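Below is one structure; the comments refer to it alone.
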Amino acid sequence: MAGISSGLATNYIYACTRMRVRRSLLIPREDYLRMLNMSLPEITRFIGETTYRSEIDELGTSFSGINLVEVALSWNLAKEYQNILELVPGELKYFTASYLRRWDIQNVVTILRGKMQGVQPGKLKEVLIPAGRLDKVALDRLLAEESPERVVEALKGERFYPTLEKELPRAMETGSFAHLENELYKGYYARLIADATGGIKGGSIFLKYIKLEIDTRNIQNLFRLRAGHVREDVRELMIPGGSFSVEELQRLSGLEDRDEFIDALKRQVRSTPLLNTLEAIRGKTALHEVEVALTRVQLDQMERMSKRYPFSVLPVIVYLEEKKYEVANLRALARGKEAGLPGERLQGYLVM
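Going letter by letter, the sequence shown gives residues 262 to 613 in the numbering used here.
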């Protein structure tokens with residue numbers, strides 16, 4: 262806190278304390294385990310007794326069943342993220358806003374996919390999270406456009422417009438937005454690194470989080486590629502800037518034997534929790550179980566870092582990430598129950 266005025270320091274302490282209070286309100290593991298044995302109406306009632314009450318009550322006259330849960334979760338997450346952005350001061354606000362721009366990518370790609378598939382704007386709007394630079398008004402304008410090409414043209418002037426303009430023709434030709442989405446996220450992380458290294462106080466701590474997330478995404482991508490039996494050059498699918506060079510990731514992807522791959526990955530890792538997780542993954546064959554395990558260890562490492570730097574941007578991002586996964590968990594539970602999946606199968610998809 263050296264070099265920060267007493268008034269701003271007090272604001273930092275207040276904001277980070279509020280994050281701890283908010284984290285205490287997140288749904289605990291035991292409640293998820295209870296919901297695994299509930300029906301969809303029971304889950305909806307349970308959610309309506311938590312911090313999602315106002316959204317469930319407000320939307321209950323317009324939606325029901327899975328649609329009520331989906332829209333209520335999206336509204337609550339967007340509102341909470343916007344509230345946090347208003348709460349945090351100074352450099353915390355700058356780095357938090359940088360982090361939240363990931364939702365612009367998710368929203369735009371969701372709209373582009375929906376336009377190509379002919380999904381009605383109203384259905385698309387239900388799952389958008391206006392938490393980034395593009396607010397509700399901007400997203401409504403994009404939803405009103407007639408085609409993916411018009412959506413991209415309407416984004417001229419945004420920082421990721423050049424990538425959208427370059428990659429859209431390929432996406433339309435192949436019918437897949439996977440490469441476009443990957444390029445957008447590579448640009449997103451490059452900008453995060455630029456923000457973290459731009460000389461703003463607290464940037465070095467923010468950079469620790471960015472590197473951790475890049476490493477997690479790259480390792481998850483390696484496991485996905487193995488599951489899909491992708492063996493060609495994967496360098497363009499990796500995100501630069503983490504602890505592993507793109508060349509190292511390419512070498513790891515070429516190892517065909519799974520145990521050899523995990524052993525080689527472990528030799529590159531210094532974090533004990535991640536080493537333990539990789540060893541535990543050795544016995545897991547389902548991709549979703551691998552991804553959940555890696556996500557869980559990422560959150561645990563972030564929490565450790567936030568305790569080391571209690572009045573930095575890290576407590577804010579830890580809460581935002583945990584809130585994101587709470588919504589993902591509740592959405593998975595609701596969708597699973599709607600599809601009639603048994604609780605023991607659903608449990609493997611939850612980040613608890």
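For each residue, glycine too, the CB sits at the ideal point set by N, CA and C. What you are looking at is a predicted structure, and each value in this text was computed from that prediction instead of being measured.
Exercise. Can you find at least 3 beta carbon pairs, one from the segment 412 to 429 and one from the segment 330 to 343, that sit closer than 8 Å?
Worked result: no
Exercise. Enumerated in chain order, which unbroken segments of the alpha helix (DSSP H) with a length of 4 residues or greater are wholly contained in the segment 279 to 335?
Worked result: 290 to 296, 301 to 308 and 314 to 320
Exercise. Mind checking whether LEU486 and GLN559 have CB atoms under 8 Å apart?
Worked result: no
Problem set entry | CA nearest to the CA of ILE523, picked from LEU510, GLN381, LEU539 and HIS549 | LEU539
Exercise. Apart from the five residues just before and just after THR371, which ones in its own chain have a Cβ nearer than 6 Å to its Cβ?
Worked result: none
Exercise. ALA554: which of TYR355, VAL588, GLN608 and LYS354 sits nearest, CA to CA?
Worked result: GLN608
For this session: Identify the continuous alpha helix (DSSP H) that holds SER465 and give its terminal residues.
Result: 464 to 488
Exercise. So, LEU346 versus LYS340, is the Cβ gap smaller than 8 Å?
Worked result: no
For this session: Count the other CB atoms, across all protein chains shown, that sit within 10 Å of the CB of SER514; report buried if there are 16 or more and exposed otherwise.
Result: buried
Problem set entry | Buried versus exposed, by CB contacts within 10 Å (16 or more), GLY502 | buried
For this session: Would you list, in sequence order, the uninterrupted alpha helix (DSSP H) runs of no fewer than 4 residues that lie entirely inside the segment 490 to 553?
Result: 507 to 514, 519 to 528 and 533 to 542
For this session: Determine the extent of the alpha helix (DSSP H) in which PHE356 is found, giving its start and end residues.
Result: 351 to 361
Problem set entry | Pick from LEU301, GLU605 and TYR342 that is closest to ARG394, judged by C-alpha positions | TYR342
For this session: Decide if the segment 375 to 383 is in contact with the segment 360 to 367; the criterion is three or more beta carbon pairs, one per stretch, under 8 Å apart.
Result: no
Problem set entry | Where ALA541 falls, given that 16 or more other Cβ within 10 Å makes a residue buried | exposed
For this session: Note down the Cα distance separating ALA589 from VAL491, rounded to an integer number of angstroms.
Result: 27 Å
Exercise. Between the C-alpha atoms of MET280 and LYS584, what's the straight-line distance to the nearest angstrom?
Worked result: 11 Å
Exercise. Out of curiosity, what's the CA-to-CA distance linking ALA263 and HIS440?
Worked result: Residue confidence for ALA263 is low, a pLDDT of 43 falling below 50, so the modelled location carries little weight; the figure read from the coordinates is stated next. Cα to Cα, ALA263 sits roughly 44 Å from HIS440.
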